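S.K.:
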Amino acid sequence: MAMRMRSGALVFALLGFTIGSGTRCQAEPLGLPPVPIPADNPQTPEKISLGDKLFHDSRFSGDGTISCSTCHANDKAFTDSPLKTSHGIGGHAGTRNAPTVINAAYFHTLFWDGRASSLEDQSQNPFLNPIEMGLPSHEPILKIVRDDPAYSDAFKKVFGASGAGISMEHVKKAIASYERTLISGDSPFDRWYFHHDSAAISEPAKRGFDVFVGQGRCVSCHVIEQTQALFTDNRFHNIGVGINRIQPETPRLAAEFLIAKAAGASVDKSVLSDPKTSDLGRFAVTTHFDEIGAFKTSTLRNIAVTGPYMHDGSLKTLRDVVKHYNQGGKSEGDPSINPYLSGGIRPLNLSDQQMDDLVAFMETLTSPAYVNASAGGSKP
Amino acid sequence: MSKLITRRSVMAAGAAGAVGTLTTLPISMVRLAFGGTRDDFTFTYISDAHIQQIKGSTFVRNWDQGLRRAVAEANLVKPESDFVIFGGDLAQLGKKDELDHGAEILSHLSPKLHTVMGEHDYYLDLGEYWSKLYGPQYYSFDHKGVHFVVLNSILTTDEWTFHRWPSDEQRMQEMAGLDNPNGSPFMVGEKQRAWLKEDLSKIQHDTPIVVFSHSPLQKIYKGWNFWTDDAEEVQALLQPFKSVNVIYGHVHQIQYNQIGNISFNSVMATAWPWPYPQSYAQVESHLPVLTVPMNRGDPFFERDATGWQLIDVNSGRVAARYQLWDNEPRTVAFDHKQGRPVDLAFQEPTHRRPAQNHY
Amino acid sequence: MRFTFAALAIGLTLATVSARADEFTKTDTDRWQKEYQTVVTDGRSLWTSGALGTNGVACAQCHPNAANTHPETYPKFQKQLGKVAQLFEMVNWCIRNPLEGKPLAADDPKMTAIVSYITYERRGMKLTPGMH
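Residue numbers (the numbering used here), protein chains in the order written: chain G, 1 to 380; chain F, 381 to 739; chain R, 740 to 871.
In structure tokens:
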């Protein structure tokens, strides 16, 4: 098993060099650990290529206009920035902001509320969500990949499967395999912090780093470690976005949601169709009181080009984000902080300069491949 | 006894109607059903809020947040709990401002509130203001066939209470330090034991008894007053009864034990966690051997290793469902086969997690 | 004869010179122990005072007898700091965060006192640097 993973990683490493995750020839980019590759889905160039094709194919949607890449576009750092929430078939607006796929391979769970357990698991849901691709079932996808010779040849080569033997398991694995190549590190921060290149980032950014690990209290969730920085703890926290505004209704919403869930309602559909249900966050998945209004910690890599921010896209710029944290989990228009707020969130008493410096620091987390992605939220 | 603080519902007018009609499953864990002839019921337990005044109307935000969160979450439980117990130490230094601020937060609880005295509430004015807010310091009541007793178990010697300290404030400060060598061991005392004996004399021996106490009614570690000096005498009064459960606060951590016919369950604080006594390397202590410790908290998450409880009473036996923040919920329930409380998830040594190792 | 005289002379010279290298007397060590204990006592006083921060919270509220501070495990990777850190850095984290105060320099007498108290309450424990 270990042997297979290593060879998989090696193949991936070569691919990484060619697919454009950076100009360095190394197994993983600077600042990141090896990509976790599941034993039952090793990387091969053909599988990755197949996944790439599936990812970009808009035939897998109710009106033939939406593919994964519609909301996770290559030239927008795999998001649909500057949209606050994504739009699916028929221009339907959803409730959630499309997270980047870059470095998603390091997440333990997928989606803002962690309702998918792996990249493979995640890939099957948007096809069926009426707000996203709006297919009635996975059958239309299977029909296409079984009948289209370009696909059927590839599936035969990659999985040894053909005709009715091609299943969603294969589709999911191929898509996940492609996504595992969307890795980027080697940002100016990485070169400064791990390679000790003192010229790699500006003085304000260096001061911003001190805020990040000190008074800003960012590092506990947006993790930096001694030899790597994922910028996420893979946990879920209520930081007062969305939930603040539905406070008086939370008891009713929570109770109604549980009744619906017990009666078999789909979490995936509920959270994308109603913004207030969406704001319940991880609670919708686990039903723990403790996780009301809690969302997964995003990675901060490439954050400058992946705005707007938060699960509902409600914070437009990085400065807005910093202000929200500085106020102890509250933005303009919020009546008060909510009682389910994470214990890690509290007023920070940062000065204007410290907040500017923190933003400058976050702007150093963009990898070379994505500096030209559509302007995210760092510029007002 | 008149009470200054009245209970009010936190529900917005519109929501209250909708909520009242719901009869969903309990929101948290699986209900335990042992079968039997008595009603099963659930009550909420919130304890050790330690509301601490900094100056004027500014209080330590960390402890305020803990109590507010417990109250908000407790109000989400459907069907509503039969009642709520506040387990003591509402204030940090027993000040009127602290008690008022804490009482205001507690007033948002929907179910009926009963309270237990803690030493932080008592030693400034010997409970004078507390009694105005909440009535008697020890009492009993009956509910669905169970006899409930509330003790003031944080008293100490008359000498220490009345003659040792030059001022009330100093007396409170000295008792407020958990590890203060100038402190004095807790006890229930002769007067209350006499009252308890009399109270219990009217109860049938097969009636389940639940005792609420701030101190453990056991002798666990004297240095931190995880201790009740007359524990044996109190336990002796409870021995004739078939099923006795003691629920206690003060320790700010998960503990449980069985002594004869008496099951013991501690409750968490909403404010902050305390280390387990074995982590003080210089002295011996006697944490019940069978207790599986809670996870060590990450102090960055101010609510980690704090929480509140739903207590189920099934056929007179207690199951404590710990609602822990930033943590796995834990359930410690009476196991009829083993005749003692066990942790349903972690009792087996092979099921433990690294963070449960306390040293 | 001359040799013995020379040896005696050297011996006498040696006897009149004061203690060299690490030679100290029991009086010295007793005195230094007392001085050290005053610093430990200062540390204990700071530990319970609530004066290190701005909100009145004292270290002793969460760490009675400095329990759960684990000084023998430092330096170690400290999650809250994002790196391998020393004990004093974590003390400063606590002063800044739960106590909402200003950090102390590593060689600030107050920090020395605090670290002295912490390690004193944990005396006798084996060194286990890096342990979680």
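Each residue gets a CB set at the ideal place from its N, CA and C atoms; glycine is no exception.
All values derive from a computational prediction rather than experimental measurement.
Measuring only between beta-carbons, confirm whether residue 452 of chain F sits less than 8 Å from chain G.
M.R.: By this cut-off, residue 452 of chain F is an interface position.
S.K.: Taking 8 Å as the CB-CB limit, is residue 201 of chain G close to chain R?
M.R.: For residue 201 of chain G, the answer is no, since every Cβ of chain R falls outside 8 Å of its Cβ.
S.K.: In chain G, which residues lie with their C-beta within 7 Å of the C-beta of residue 823 of chain R?
M.R.: Within 7 Å Cβ-Cβ: 226.
S.K.: Closest to residue 37 of chain G by C-alpha separation, out of G:288, G:183, G:177 and G:77, would be which residue?
M.R.: Nearest of G:288, G:183, G:177 and G:77 to residue 37 of chain G, Cα basis: G:177.
S.K.: Strictly by DSSP, which residues pair up with residue 689 of chain F?
M.R.: Beta-bridge pairing links residue 689 of chain F to F:425 and F:702.
S.K.: What residue from G:144, G:345 and G:300 has the CA that sits closest to residue 57 of chain G's CA?
M.R.: Among G:144, G:345 and G:300, the Cα nearest to that of residue 57 of chain G is on G:144.
S.K.: Quick one: which chain G residues come within Cβ less than 7 Å of residue 441 of chain F?
M.R.: Per Cβ cutoff of 7 Å: 346.
S.K.: Quick one: give me the first and last residue of the beta strand (DSSP E) that residue 786 of chain F is part of.
M.R.: Because chain F here runs from 381 to 739, residue 786 of chain F falls outside it and cannot be looked at.
S.K.: Considering only DSSP beta bridges, list what residue 528 of chain F is partnered with.
M.R.: Looking at the DSSP assignment, residue 528 of chain F forms a beta bridge with F:521 and F:590.
S.K.: On the CB-based measure, 16 or more other CB atoms within 10 Å of its CB, does residue 683 of chain F come out buried or exposed?
M.R.: Buried, by the Cβ-count rule.
S.K.: Let me see if you follow: with CB-CB separation under 8 Å, is residue 403 of chain G close to chain R or not?
M.R.: Here chain G has residues from 1 to 380 only, and residue 403 of chain G is not among them.
S.K.: Of all Cβ atoms in chain G, is any one closer than 8 Å to the Cβ of residue 816 of chain R?
M.R.: Judged by the 8 Å Cβ criterion, residue 816 of chain R is in contact with chain G.
S.K.: Examine chain G for any beta-carbon lying closer than 8 Å to the beta-carbon of residue 726 of chain F, and answer yes or no.
M.R.: No, its Cβ sits nowhere closer than 8 Å to a Cβ of chain G.
S.K.: Mind pulling the chain R residues with CB within less than 7 Å of residue 298 of chain G?
M.R.: Residues of chain R passing the Cβ test: none, with the nearest at roughly 17 Å.
S.K.: Suppose you measure from the CA of residue 634 of chain F to the CA of residue 672 of chain F; what does that come to, to the nearest Å?
M.R.: Distance between the alpha carbons of residue 634 of chain F and residue 672 of chain F: 8 Å.
S.K.: Which ranges does the alpha helix (DSSP H) cover as unbroken runs of at least 4 residues, wholly within the segment 267 to 311 of chain G, from first to last along the chain?
M.R.: Complete alpha helix (DSSP H) runs here, min 4: 267 to 273, 275 to 278 and 283 to 286.
S.K.: Tell me which residue opens and which closes the alpha helix (DSSP H) that residue 494 of chain F is part of.
M.R.: Here residue 494 of chain F belongs to no alpha helix (DSSP H); instead the beta strand (DSSP E) covers 493 to 495.
S.K.: Does the beta carbon of residue 675 of chain F come closer than 8 Å to any beta carbon on chain G?
M.R.: Output row for residue 675 of chain F: interface = no.
S.K.: Take the Cβ of residue 278 of chain G as the centre, count every other Cβ of all protein chains shown within 10 Å, and call the residue buried at 16 or more, exposed below.
M.R.: Burial call: buried.
S.K.: Tell me which same chain residues have a C-beta within less than 6 Å of the C-beta of residue 859 of chain R, skipping the five on either side of it?
M.R.: Counting only Cβ-Cβ distances below 6 Å, and skipping sequence neighbours, we find 779.
S.K.: What is the DSSP secondary structure of residue 712 of chain F, reduced to helix, strand or coil?
M.R.: Correct three-state label for residue 712 of chain F: strand.
S.K.: Could you say if the segment 208 to 221 of chain G and the segment 90 to 104 of chain G meet the contact criterion of at least three C-beta pairs nearer than 8 Å?
M.R.: Segments in contact, no.
S.K.: List the residues of chain F that residue 861 of chain R touches, going by C-beta distances under 7 Å, in chain order.
M.R.: The answer, in chain order, is 661.
S.K.: When DSSP builds the beta bridges, which residues end up paired with residue 694 of chain F?
M.R.: According to DSSP, which records beta bridges pairwise, residue 694 of chain F is partnered with F:697.
S.K.: Relative to the alpha-carbon of residue 282 of chain G, which residue among G:62, G:32, G:205 and G:238 has its alpha-carbon at the smallest distance?
M.R.: Here the closest residue by C-alpha is G:238.
S.K.: When DSSP labels each residue in this structure, what does residue 636 of chain F get in the three-state scheme?
M.R.: Strand.
S.K.: Hey, is residue 516 of chain F's beta-carbon within less than 8 Å of any beta-carbon in chain R?
M.R.: Judged by the 8 Å Cβ criterion, residue 516 of chain F is not in contact with chain R.
S.K.: With three or more C-beta pairs closer than 8 Å as the rule, is the segment 816 to 834 of chain R touching the segment 767 to 776 of chain R?
M.R.: With the cut-off at 8 Å, the segment 767 to 776 of chain R and the segment 816 to 834 of chain R do not touch.
S.K.: Can you tell me which of F:504, F:431, F:491 and F:572 puts its alpha carbon nearest to the alpha carbon of residue 531 of chain F?
M.R.: Among F:504, F:431, F:491 and F:572, the Cα nearest to that of residue 531 of chain F belongs to F:572.
S.K.: By the criterion of Cβ-Cβ separation under 8 Å, what are the contact partners of residue 820 of chain R in chain G?
M.R.: Result: 213 and 219.
S.K.: Give a yes or no on whether the C-beta atoms belonging to residue 840 of chain R and residue 432 of chain F are separated by under 8 Å.
M.R.: Against a cut-off of 8 Å, the Cβ pair of residue 432 of chain F and residue 840 of chain R comes out as no contact.
S.K.: Would you give the residue range spanned by the beta strand (DSSP E) that residue 125 of chain G belongs to?
M.R.: Premise fails: residue 125 of chain G lies in the alpha helix (DSSP H), 125 to 128, not in any beta strand (DSSP E).
S.K.: Which of the three DSSP states, helix, strand or coil, is assigned to residue 140 of chain G?
M.R.: Reduced to three states, the DSSP call for residue 140 of chain G is helix.
S.K.: So, using beta-carbon positions, are residue 590 of chain F and residue 562 of chain F closer together than 8 Å?
M.R.: Cβ atoms of residue 590 of chain F and residue 562 of chain F: not closer than 8 Å.
S.K.: If you drop the 5 nearest sequence neighbours on each side, which residues of the same chain put their C-beta closer than 7 Å to that of residue 536 of chain F?
M.R.: Counting only Cβ-Cβ distances below 7 Å, and skipping sequence neighbours, we find 564, 565, 566 and 567.
S.K.: Could you please give the first and the last residue of the uninterrupted alpha helix (DSSP H) stretch that includes residue 772 of chain R?
M.R.: Looking at the DSSP string, the run of the alpha helix (DSSP H) that includes residue 772 of chain R is 765 to 788.
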